[in-house]
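First residue of the sequence shown? That's 4 in our numbering, and the numbers climb one at a time after it.
To start, the structure itself, in structure tokens.
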Amino acid sequence: MVESSPVVSPVVSPVVNGAAAYDWKGSAGVLERYGSILKMAIAPRNSKLAEDPTYWQIFSFYVCHSVLVVLYLLLFCYRLYNFSANKLKLRFLNLTYNPSRSPSLIRNDVGKLAKIPRQIAAILNCRAEEEENGGVDGLLNDSSELAAWCVSSGIPNLAIYERTGTMKHHIPELRRAVFRKLTAYFGTGNVPSYSIRVPHLNLTFYGASDEYEKSNSKPAIEISLLSLEDGRNTIVEMTRVMAELAKTGELDEKKVTLKFIDDELKQLVGAEPDLIVMFQPYIDLQGFPPWHIRLSEMYWEPDNDDVTYAVYLRSLQKFSTCKVNVGK
Numbered sequence: 004m005v006e007s008s009p010v011v012s013p014v015v016s017p018v019v020n021g022a023a024a025y026d027w028k029g030s031a032g033v034l035e036r037y038g039s040i041l042k043m044a045i046a047p048r049n050s051k052l053a054e055d056p057t058y059w060q061i062f063s064f065y066v067c068h069s070v071l072v073v074l075y076l077l078l079f080c081y082r083l084y085n086f087s088a089n090k091l092k093l094r095f096l097n098l099t100y101n102p103s104r105s106p107s108l109i110r111n112d113v114g115k116l117a118k119i120p121r122q123i124a125a126i127l128n129c130r131a132e133e134e135e136n137g138g139v140d141g142l143l144n145d146s147s148e149l150a151a152w153c154v155s156s157g158i159p160n161l162a163i164y165e166r167t168g169t170m171k172h173h174i175p176e177l178r179r180a181v182f183r184k185l186t187a188y189f190g191t192g193n194v195p196s197y198s199i200r201v202p203h204l205n206l207t208f209y210g211a212s213d214e215y216e217k218s219n220s221k222p223a224i225e226i227s228l229l230s231l232e233d234g235r236n237t238i239v240e241m242t243r244v245m246a247e248l249a250k251t252g253e254l255d256e257k258k259v260t261l262k263f264i265d266d267e268l269k270q271l272v273g274a275e276p277d278l279i280v281m282f283q284p285y286i287d288l289q290g291f292p293p294w295h296i297r298l299s300e301m302y303w304e305p306d307n308d309d310v311t312y313a314v315y316l317r318s319l320q321k322f323s324t325c326k327v328n329v330g331k
């Protein structure tokens with residue numbers, strides 16, 4: 004007897020109007036899977052979109068992202084143009100105003116101004132040793148250049164502010180550096196007298212070495228060295244001492260007036276500068292004594308971080324056109 008194989012009946016799709024019906028349900032599943040794969044391919048990574056974002060969310064994300072990128076590129080191009088223009092202007096000014104270590108040329112430039120400051124302060128930055136004109140030697144060179152320019156301009160007081168107070172630990176080197184620079188400008192036999200003052204330590208040094216003694220005549224320039232410790236810390240310390248003296252009766256409270264405080268701070272730090280020159284590309288006082296900037300004019304040159312005669316002269320030109328209104 005021969006066993007017969009089971010007969011498999013073919014599955015015939017139902018006929019609709021004479022044609023086989025299409026399996027729409029299976030096709031929809033395939034399209035859904037393809038749609039998920041497409042979303043995974045175009046959806047941004049590391050974004051805050053939902054795990055299963057819609058096409059509209061993805062489209063909105065890319066539009067906003069593109070707008071931000073375009074704005075960033077426009078801002079970058081503008082800043083690059085501005086930076087290049089400022090650097091080109093500074094280079095042109097350095098070529099135009101070049102004193103060549105000649106006091107007569109500096110006096111000629113300053114003589115055209117309506118007024119000049121009696122007290123000028125410069126904010127310097129100590130660069131890294133590996134940078135050009137960096138380290139302590141760079142600070143000494145910049146400070147001595149400023150001293151020579153001030154003497155040639157007839158400015159008797161120069162305050163040099165460096166936040167960390169590095170130069171306060173290199174007084175002998177600074178004295179010699181100023182002497183060498185003044186010799187280069189004025190000649191061996193005509194070196195102007197100068198003094199270097201450290202208000203926080205109440206010390207004053209005259210000339211290039213201790214062999215120079217204080218003369219009866221006032222030096223051509225007095226250089227004061229300031230740092231962060233001469234700012235708010237000095238005011239806080241003075242306030243504490245005054246409170247203790249008033250508590251013990253050694254200081255009359257009625258004598259503590261604005262003029263009294265101003266006189267005390269002048270002895271501790273120095274006089275208020277008429278002009279503050281920041282040799283940096285932005286305005287940053289870096290903790291400069293706040294009591295001493297009430298009426299001071301401030302000047303800085305955008306995108307500049309070098310101590311140059313052109314920036315120094317432009318600060319004097321700007322000061323000569325300023326009008327100071329003192330109110331009550």
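The beta-carbon is built from N, C-alpha and C at its ideal position, and this holds for glycine as well.
- With contacts defined as CB atoms closer than 9 Å, LEU143 and HIS172 fail to qualify as a contacting pair.
- Annotation for GLY138: GLU132 place their beta carbon closer than 6 Å to its own, counting only its chain and skipping 5 residues before and after.
- Remark: C-beta atoms of ALA274 and ILE226 do not approach each other more closely than 9 Å.
- Between the alpha carbons of ASN89 and ILE286 lies a gap of roughly 16 Å.
- The way I'd put it, the segment 301-314 doesn't touch the segment 194-209; fewer than three beta-carbon pairs between them come closer than 8 Å.
- PRO284 and ALA223 have their C-alpha atoms some 31 Å from each other.
- Setting aside the 5 residues that flank it on each side, LYS118 is surrounded in the same chain by PHE322 and SER323, each with a C-beta closer than 8 Å to its C-beta; the list follows chain order.
- Counting only residues of its own chain and dropping the five nearest sequence neighbours on each side, TYR315 has a CB closer than 6 Å to the CB of TRP152.
- Judged by their CB atoms, ARG104 and TYR188 are nearer to each other than the 9 Å cut-off.
- Scanning ASP255, LYS92 and ARG121 for the CA closest to the CA of SER156 turns up ARG121.
- Judged by DSSP in its simplified three-state form, PHE208 adopts strand.
- A Cβ-Cβ distance of about 29 Å is found for the pair ASP213 and PRO292, leaving them out of contact under the 8 Å criterion.
- Between ARG166 and GLN289, the C-beta spacing is below 9 Å.
- Of the residues assessed, LYS115 falls on the exposed side of the cut-off, its CB having fewer than 16 other CB atoms within 10 angstroms.
- Excluding residues up to 5 positions away in sequence, LEU254 and VAL259 lie with their Cβ nearer than 7 Å to the Cβ of MET245 in the same chain.
- For the segment 266-290, the full-length beta strand (DSSP E) segments reaching 3 residues or more read 278-281 along the chain.
- Burial state of VAL239 is exposed, judged by a 10 Å Cβ sphere holding fewer than 16 other Cβ atoms.
- Looking at PRO305, ASN101 and MET301, the one whose alpha-carbon comes closest to that of LYS326 is MET301.
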